[in-house]
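Peer 1: Those sequence lines, one after another, are chains A and B. So the first sequence is numbered by our numbering: it starts at 6 and just counts up by one. So the second sequence is numbered by our numbering: it starts at 6 and just counts up by one. I have a structure here, written as structure tokens, and I will follow up with some questions on it.
Protein chains: 2
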Amino acid sequence: MGAALTPNETEVLALLRGANGPMTAYQLLGRMQRNGGAVAPPTVYRALKGLEEAGVVQRIETLRAWAVVTSPVPGVVAICDDCGAVRSVEAQGVFEGLHQRLAAEGFAEARQTIEVHGRCGDCTGGQT
Amino acid sequence: MGAALTPNETEVLALLRGANGPMTAYQLLGRMQRNGGAVAPPTVYRALKGLEEAGVVQRIETLRAWAVVTSPVPGVVAICDDCGAVRSVEAQGVFEGLHQRLAAEGFAEARQTIEVHGRCGDCTGGQT
DNA sequence: CAGATATACGTTATAGTATAACATAACACA
DNA sequence: TGTGTTATGTTATACTATAACGTATATCTG
Ligand SMILES: [Zn+2]
Ligand SMILES: [Zn+2]
Ligand SMILES: [Zn+2]
Ligand SMILES: [Zn+2]
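Have a look at this one:
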């Protein structure tokens, strides 16, 4: 079974949930230090690793930052370069199509990272 | 027109072309130092930036490394976690499907990063 | 309870990645 | 010749991540 979260993991998750977007590991570190005194980088990286393995947090590769997983199924990460908003967009067909395409090449995929930069609806003048 | 490459860019590109896979910026730096004496990080990062803007080099985000662009059209980067091989696989339908999906959300995409980790055909016991 | 194992955590140091800021050189060309 | 532009050199620093080792705590076992 998926083990319960440790206290450090719980704290990091709460910080990420309270943020309105991804946070870098050192932003998390700073917050934890202001909360609880002496905290060092391994503490936050260990927590992030555990949360990632638990599937509740993911690294946004193109931002070198960390965010809560908002979708039960893996989504496309859409990042607005204007306002910084990050959304996970479900795109089952895209993932499946990619799976097929790679399988045709004999490639057995284990993990897909799909991140897209651009401008969100709000920032383009917004047709919603 | 796309400006000609500078000497530093040319050197970095030659190193990447001579490698059998992505290289980190500091691997490139080490090579350049062995070739030409005093070289500092900004030299290689500047060259990488120029090459990236020229479209001949790309950063592999999930590897924090740099590789030559092998496909005229953007491809899916397939990374074998076993042997380290990195291939760019054309998947026009995937990119287009993703484009459509995001457009439907009002998101105007500018840059897609699609990287997949797994095992290549050679490493799975290889049906080619 | 003594001892063994496992897990989480603390602590220090260091590795690895990337950029800021400012100085200099080289070139084009008015 | 002067002037702007591009490329480069140089120094320092910021940012991201992990290695290595020690300690605490819980749990099980005999
Ligand atoms: Zn936006
Ligand atoms: Zn799949
Ligand atoms: Zn392989
Ligand atoms: Zn598109």
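Ideal placement from N, C-alpha and C gives every residue a C-beta, glycine not left out.
Grab the span of the beta strand (DSSP E) containing E114(B) for me, first residue to last.
Peer 2: Taking the second sequence and counting its residues from 1, the one referred to as residue 114(B) is at position 109. E114(B) -> beta strand (DSSP E) spans 113–124.
Peer 1: Identify which residue in A108(A), C88(A), G55(A), I119(A) has its Cα closest to the Cα of A96(A).
Peer 2: On the first sequence, position 91 is the one that residue 96(A) refers to. Nearest of A108(A), C88(A), G55(A), I119(A) to A96(A), Cα basis: I119(A).
Peer 1: List in chain order: all unbroken beta strand (DSSP E) runs of 3+ residues lying wholly within the region 46–96 of chain A.
Peer 2: Listed in chain order, the complete beta strand (DSSP E) runs (minimum 3 residues) inside the region 46–96 of chain A are 62–65, 70–73, 81–85, 91–94.
Peer 1: For chain A, find out if any of its Cβ atoms is closer than 9 Å to the Cβ of T129(B); answer yes or no.
Peer 2: Translated into the one-based positions of the second sequence, residue 129(B) becomes position 124. Answer yes: the Cβ-Cβ gap between T129(B) and chain A drops below 9 Å somewhere.
Peer 1: Among residues of its own chain, excluding the 5 on either side of E66(B), which ones have a beta-carbon nearer than 8 Å to its beta-carbon?
Peer 2: Here residue 66(B) refers to the residue found at position 61 of the second sequence. Excluding positions up to five away in sequence, the list reads T118, E120.
Peer 1: What does the Cβ neighbour count give for C85(B), buried or exposed, with the cut at 16 atoms within 10 Å?
Peer 2: Your numbering for residue 85(B) matches position 80 in the second sequence. Buried is the call here.
Peer 1: Does DSSP classify E16(A) as helix, strand or coil?
Peer 2: The count along the first sequence starts at 1 and reaches residue 16(A) at position 11. DSSP places E16(A) in helix when its eight states are reduced to three.
Peer 1: Looking at C-beta atoms only, is the number of pairs between the region 70–84 of chain B and the region 12–29 of chain B that lie closer than 8 Å three or more?
Peer 2: Yes, they touch.
Peer 1: At a CB distance below 9 Å, what residues from the region 85–97 of chain A approach chain B? Give them in sequence order.
Peer 2: Here the close residues are C85, D86, R92, V94, E95, A96.
Peer 1: Quick check: is the beta carbon of Q117(B) nearer than 9 Å to any beta carbon in chain A?
Peer 2: As a working mapping, residue 117(B) is identified with position 112 in the second sequence. Yes, Q117(B) lies at the interface with chain A (some Cβ there is under 9 Å from its Cβ).
Peer 1: Look at G123(A) and A70(B) and say whether their C-beta atoms are less than 9 Å apart.
Peer 2: On the first sequence, residue 123(A) is found 118 positions in, with the first residue counted as 1. On the second sequence, residue 70(B) is found 65 positions in, with the first residue counted as 1. Cβ distance not < 9 Å, so G123(A) and A70(B) don't count as in contact.
Peer 1: Alpha carbon to alpha carbon, how far is L21(A) from G23(B)?
Peer 2: Taking the first sequence and counting its residues from 1, one reaches residue 21(A) at position 16. Taking the second sequence and counting its residues from 1, one reaches residue 23(B) at position 18. Those two C-alpha atoms are separated by around 42 Å.
Peer 1: Between G55(B) and the rest of its own chain, which residues show a CB-CB distance below 6 Å, the 5 nearest in sequence each way excluded?
Peer 2: Translated into positions along the second sequence, residue 55(B) becomes position 50. Closer than 6 Å at Cβ, skipping near neighbours: E14.
Peer 1: Does any heavy atom of ligand 1 sit closer than 8 Å to the C-beta of R124(A)?
Peer 2: Here residue 124(A) corresponds to residue number 119 of the first sequence, with the count starting at 1. At least one heavy atom of ligand 1 is nearer than 8 Å to the Cβ of R124(A), so yes.
Peer 1: Residues of chain A with a CB under 8 Å from the CB of V62(B): which are they?
Peer 2: Against the second sequence, residue 62(B) aligns to sequence position 57. Per Cβ cutoff of 8 Å: no residues; V62(B) is ~16 Å from chain A at best.
Peer 1: Please list the residues of the region 103–117 of chain B that have a C-beta atom closer than 8 Å to any C-beta atom in chain A, keeping them in chain order.
Peer 2: Residues passing the 8 Å Cβ filter: L103, R106, L107, E110, G111, F112, A113, E114, A115, R116, Q117.
Peer 1: Counting only C-beta atoms, is V44(A) closer than 9 Å to chain B at any point?
Peer 2: To locate residue 44(A), count along the first sequence from 1; it is residue 39. No, V44(A) lies away from the interface with chain B (no Cβ there is under 9 Å from its Cβ).
Peer 1: Excluding the 5 residues preceding and the 5 following C125(A) in the sequence, name in chain order all residues of the same chain whose CB lies nearer than 8 Å to its CB.
Peer 2: Numbered from 1 along the first sequence, position 120 holds the residue referred to as residue 125(A). The residues are A83, C85, D87, C88, A90, R92.
Peer 1: Among all the DSSP beta bridges, which residues are the ones paired with M28(A)?
Peer 2: In the first sequence, the residue the question calls residue 28(A) occupies position 23. In DSSP, M28(A) forms a bridge with W71(A).
Peer 1: Ligand 1 and A72(A): does the residue's C-beta get closer than 8 Å to at least one heavy atom of that ligand?
Peer 2: Mapped onto the first sequence, residue 72(A) falls at position 67. No, Cβ of A72(A) sits at least 8 Å from all heavy atoms of ligand 1.
Peer 1: Under a Cβ-count criterion, where at least 16 other Cβ atoms within 10 Å of its own Cβ denotes burial, should E58(A) be classed as buried or exposed?
Peer 2: The sequence position of residue 58(A) within the first sequence is 53, counting from 1. Burial call: exposed.
Peer 1: Where does C128(A) fall in DSSP's three states?
Peer 2: Within the first sequence, residue 128(A) is the residue found at index 123, counting from 1. Coil at C128(A), not helix or strand.
Peer 1: Please tell me whether, using a cut-off of 8 Å, the distance from the CB of G23(B) to the nearest non-hydrogen atom of ligand 3 is below it.
Peer 2: Numbered from 1 along the second sequence, position 18 holds the residue referred to as residue 23(B). Not under cutoff, so the answer is no.
Peer 1: Would A5(B) and V17(B) qualify as a contact pair, given that the criterion is a beta-carbon distance under 9 Å?
Peer 2: What is shown of chain B runs 6 to 133, which leaves residue 5(B) out entirely.
Peer 1: Buried or exposed for V99(B), please, with buried defined as at least 16 other CB atoms from any protein chain shown within 10 angstroms of its CB.
Peer 2: Position 94 of the second sequence holds residue 99(B). The residue is buried, with at least 16 neighbouring Cβ atoms inside 10 Å.
Peer 1: Select from the region 61–82 of chain B all residues with a C-beta closer than 8 Å to any C-beta belonging to chain A, and list them in chain order.
Peer 2: So the close ones are E66, T67, V81.
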